[in-house]
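See structure below.
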Amino acid sequence: MLSPMKPIDFEVERTISAPIERVFARLADIEGYNDWMTGTGSMLKHTRQTSPGEPRVGTTFEDDTVPGVVPGEIVELEAPHTLVYHWWQRSRSGKLKFEGWPSYRLASVGDDETLVRHRGRLVPYGVWRLGTPIFRWLAVRERTITVDALKESFARDRGAP
């Protein structure tokens, strides 16, 4: 069995014109991504929460993406500062192909702005690790689209062009 390569790690930062509590709430609202990620060029087509209740550690979801349906869960949640998701993709035979940990660390910048530090971590397994340079590019692109769409969603809320 091939071991995983070194994880692909990167960070994207944006300052968003909205209070930290609102930014955190939007990031934790799994099905809300369907509203603000639409039409962004993301691989995400649709997402849905698969466990009941308010988002918390252990809340599960499924992302319908261009490559297929990807399950995941919230693994860390400390409102309004920290949110970490974990997702995985398996082959038809059940072997792990990829795991990802998109995380958000939020900090207030004054009363009406929030610094979002979005860290991405992706681990390819087996033969998939051979494509690490391409997967790095795709992961950085996808996570940048997400943070930019989040920022734009708040700009639309304010009525900005």
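Under the working numbering, the very last position in the sequence shown is 503; numbers go up by exactly one each time.
C-beta atoms are modelled at their ideal positions from N, C-alpha and C, and glycine is treated no differently.
What you are looking at is a predicted structure, and each value in this text was computed from that prediction instead of being measured.
Can you tell me where the beta strand (DSSP E) with residue i in it begins and where it stops?
{"i": "Ile476", "result": "Run containing Ile476: none in the beta strand (DSSP E); it sits in the alpha helix (DSSP H), 474-499."}
{"i": "Trp429", "result": "424-432"}
When you compare the CB positions of residue i and residue j, do they come within less than 7 angstroms of one another, or not?
{"i": "His423", "j": "Leu457", "result": "no"}
{"i": "Val426", "j": "Glu420", "result": "no"}
{"i": "Met379", "j": "Ala491", "result": "yes"}
{"i": "Ser393", "j": "Thr402", "result": "yes"}
If you drop the 5 nearest sequence neighbours on each side, which residues of the same chain put their C-beta closer than 6 angstroms to that of residue i?
{"i": "Gly452", "result": "none"}
{"i": "Arg463", "result": "Pro349, Asp351, Trp443"}
{"i": "Pro413", "result": "Glu404"}
Alpha carbon to alpha carbon, how far is residue j from residue i? Give it in angstroms, no decimals.
{"i": "Arg398", "j": "Glu373", "result": "14 angstroms"}
{"i": "Arg459", "j": "Thr357", "result": "9 angstroms"}
{"i": "His428", "j": "Ile416", "result": "6 angstroms"}
{"i": "Pro346", "j": "Pro475", "result": "A caution first: Pro346 carries a pLDDT of 44, below 50, which makes its placement in the model unreliable, though a value can still be read off. For Pro346 and Pro475, the distance between alpha carbons rounds to 14 angstroms."}
{"i": "Gly381", "j": "Phe477", "result": "22 angstroms"}
Just to confirm my understanding: we take residue i, look at its own chain, exclude 5 residues before and 5 after, and list those with CB closer than 7 angstroms. What are they?
{"i": "Lys437", "result": "Gly468"}
Between which two residues does the alpha helix (DSSP H) holding residue i run?
{"i": "Ala367", "result": "362-370"}
{"i": "Tyr375", "result": "375-378"}
So, at 8 angstroms on beta carbons, what are the nonlocal neighbours of residue i in its own chain, with the 5 sequence-adjacent residues on each side left out?
{"i": "Gly530", "result": "Because the chain spans 343 through 503 in this model, residue 530 falls outside it and cannot be assessed."}
{"i": "Ile362", "result": "Pro422, His423, Leu448, Ala449, Ser450, Thr456"}
{"i": "Gln391", "result": "Ile372, Glu373, Pro397, Thr401, Thr402, Phe403"}
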